[in-house]
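**Q** Structure in structure tokens, see below.
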Amino acid sequence: MHAKLASAVAGFVLLTSLPAFADTTLDLVGPIADYKVYVSEKLSQLKTDTAAFTAAIRAGDVAKAKALFAPTRLSYEAVEPIAELFSDLDAAIDSRADDHEKAEADPGFTGFHRIEYVLWEKNTTDGLTPFVDKLDADVTELDSRVAGLALPPEKVVGGAAVLMEEVAATKISGEEDRYSHTDLWDFRGNFDGALKIVELVRPLIADKDADFLKTVDANFATVDGILAKYKNGDGYVSYDHLTDDDRKVLSVAVNTLAEDLSTLRGKLGLD
């Protein structure tokens, strides 16, 4: 058995020993183990990409660092459905200026967005060494911690809906990548991460709720089609190119998808 898969299955021993959850967890052992492998692969990619990103900063190459910022974050955004399970590291890696008393001037403001602020607002790498050192360390710690982390199925399945709700409620405004306007890359990562969860649990509800899956698939396709409109080469246009109406269309589509996904836990007996 694949080592990561074996670790994920082992993490379910306690859960599957509880009678109230026995039937559900036994059905979900395979999908959640597969999801654990997916997350591990994403975090491995994140480590590799982050190392290249921080190396560019240490070399003083502003242009290269800017070019690597959004694609580096894709892997992180894809695993955000389970960010609640590593909330301390999520705060260190992905918090925004608003989360800190002194905003951009706060020494506790670290991670990708602190670096983004300096790269775009100051157009320099000066002073970033301690922040890139910490980012490398935090990403490495995240990869290590998740390797031994049990993933409660209700957190995984529920996380897909919570993430889409967050996208619609706050991220659509452009507040996350406010300096670089690379928000569409983040949406893609979030979208892919939520879709992966649906794909993994699909066999468990395909027979009993085919109409639901048909609706969910159609709504995923709608969001996917909207994002495709803004493709630019291997990436996306700057988010500030979208009009208010463009953002409203995206928000409605993501909200509709979030409403669908919010019922998924119940359909799997996880409420």
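Just so you know, we're using the numbering used here here: the sequence shown kicks off at 1216 and counts up by one. All C-beta atoms in this analysis are idealised placements derived from N, C-alpha and C, irrespective of residue type, glycine included. For clarity, every value in this text was computed on a predicted model and none was experimentally measured.
(1) From isoleucine 1441 to glutamate 1414, what does the alpha carbon distance come to, in whole angstroms?
(2) Whole angstroms is fine: what's the gap from threonine 1265's alpha carbon to aspartate 1309's?
(3) Give the secondary structure of tyrosine 1451 by DSSP, where H, G and I count as helix, E and B as strand, and everything else as coil.
(4) So, do the region 1351 to 1361 and the region 1419 to 1431 have three or more beta carbon pairs nearer to each other than 8 angstroms?
(5) For lysine 1337, which of helix, strand or coil comes out of DSSP?
(6) With distances taken between CB atoms, is the gap from isoleucine 1272 to leucine 1366 smaller than 8 angstroms?
(7) Distance, Cα to Cα, alanine 1274 vs glycine 1326?
(8) Tell me whether alanine 1237 is buried or exposed, calling it buried when 16 or more other Cβ atoms sit within 10 Å of its Cβ.
(9) Can you tell which of Ala1282, Thr1339, Gly1373, Ser1466 has the C-alpha that lies nearest to the C-alpha of serine 1477?
(10) Below 8 angstroms CB to CB, which residues in the same chain sit around alanine 1293 once its five sequence neighbours on both sides are set aside?
(11) Quick one: residues in its chain with C-beta nearer than 7 angstroms to the C-beta of glutamate 1336, no 5 flanking neighbours on either side, listed in chain order?
(12) Compare the C-alpha of alanine 1473 against each of Asp1455, Tyr1454, Val1382 and name the closest.
(13) State the Cα-Cα distance for the pair tyrosine 1253 and phenylalanine 1301, rounded to the nearest angstrom.
(14) With a threshold of 6 angstroms on Cβ separation, who are the neighbours of aspartate 1249 within its own chain once the five nearest residues in sequence on each side are excluded?
(15) What does the Cβ neighbour count give for threonine 1340, buried or exposed, with the cut at 16 atoms within 10 Å?
(16) Where do the ends of the alpha helix (DSSP H) carrying proline 1367 lie?
(17) How big is the Cα-Cα spacing for arginine 1417 and valine 1277?
(18) Determine, using beta carbons only, whether phenylalanine 1284 and threonine 1397 come nearer to each other than 8 angstroms.
(19) In terms of residue numbering, what span does the alpha helix (DSSP H) encompassing proline 1393 cover?
(20) How would you label leucine 1241, buried or exposed, when you count the other beta carbons within 10 angstroms and need 16 or more for buried?
(21) State the DSSP-derived secondary structure class of lysine 1533, mapped to helix, strand or coil.
(22) According to DSSP, is arginine 1403 helix, strand or coil?
(23) Assign lysine 1386 to buried or exposed, taking buried as 16 or more other Cβ atoms, counted over all protein chains shown, within 10 Å of its Cβ.
(24) Kindly indicate which three-state DSSP category serine 1388 falls into: helix, strand or coil?
(25) Would you report the Cα separation of aspartate 1461 and proline 1368, rounded to the nearest angstrom?
(26) Beta-carbon within less than 7 angstroms of phenylalanine 1346's beta-carbon, same chain only, minus the 5 sequence neighbours each way: which residues are those?
(27) Over what stretch of residues does the alpha helix (DSSP H) that includes leucine 1283 continue unbroken?
(28) According to DSSP, simplified to helix, strand and coil, what is phenylalanine 1324?
**A** So, from the listed chains and residues:
(1) The straight-line gap from Cα to Cα measures roughly 20 angstroms.
(2) Rounded to the nearest angstrom, the two C-alpha atoms are 13 angstroms apart.
(3) Three-state result, tyrosine 1451: strand.
(4) No: fewer than three Cβ pairs fall under 8 angstroms.
(5) Residue state, collapsed to three classes: helix.
(6) Going by C-beta atoms, isoleucine 1272 is not nearer than 8 angstroms to leucine 1366.
(7) Cα to Cα, alanine 1274 sits roughly 18 angstroms from glycine 1326.
(8) Legend: pLDDT at alanine 1237 = 44, less than 50; position of this residue unreliable, no value from coordinates given.
(9) Of Ala1282, Thr1339, Gly1373, Ser1466, the residue nearest in Cα terms is Gly1373.
(10) Cβ contact annotation for alanine 1293 (same chain, cutoff 8 angstroms, sequence separation greater than five): Lys1257, Gly1404, Asn1405, Asp1407, Gly1408, Lys1411, in chain order.
(11) Hits under 7 angstroms: Tyr1394.
(12) Of all alpha-carbon atoms in Asp1455, Tyr1454, Val1382, the one lying nearest the alpha-carbon of alanine 1473 is that of Val1382.
(13) Approximately 17 angstroms between the Cα atoms of the pair.
(14) Only residues of its own chain outside the window of five on either side were considered, and among them Leu1415 have a CB closer than 6 angstroms to the CB of aspartate 1249, listed in chain order.
(15) By the neighbour-count rule (16 or more Cβ atoms within 10 Å), threonine 1340 is buried.
(16) Neither: proline 1367 is in no alpha helix (DSSP H) and is coded neither H nor E.
(17) Going from the Cα of arginine 1417 to the Cα of valine 1277 covers about 43 angstroms.
(18) In this structure, the beta-carbon distance from phenylalanine 1284 to threonine 1397 falls below 8 angstroms.
(19) Checking the sequence, you will find arginine at residue 1393 rather than proline. Counting along the chain, arginine 1393 falls outside any alpha helix (DSSP H), and DSSP gives it neither H nor E.
(20) In summary, leucine 1241 is exposed, with fewer than 16 beta-carbon neighbours lying within 10 Å of its beta-carbon over all protein chains present.
(21) The requested residue 1533 is not part of the displayed model; the chain covers only 1216 to 1486.
(22) Note: arginine 1403 maps to helix in three-state DSSP.
(23) Under this definition lysine 1386 is a buried residue.
(24) Serine 1388: helix per DSSP, three-state reduction.
(25) Cα to Cα, the separation comes out at about 35 angstroms.
(26) Non-local beta-carbon contacts of phenylalanine 1346 in its own chain, meaning distances under 7 angstroms to residues more than five positions away in sequence, involve Thr1325, Arg1329, Ile1330 in chain order.
(27) For leucine 1283, the enclosing alpha helix (DSSP H) starts and ends at 1277 to 1293.
(28) DSSP, read as helix, strand or coil, puts phenylalanine 1324 in coil.
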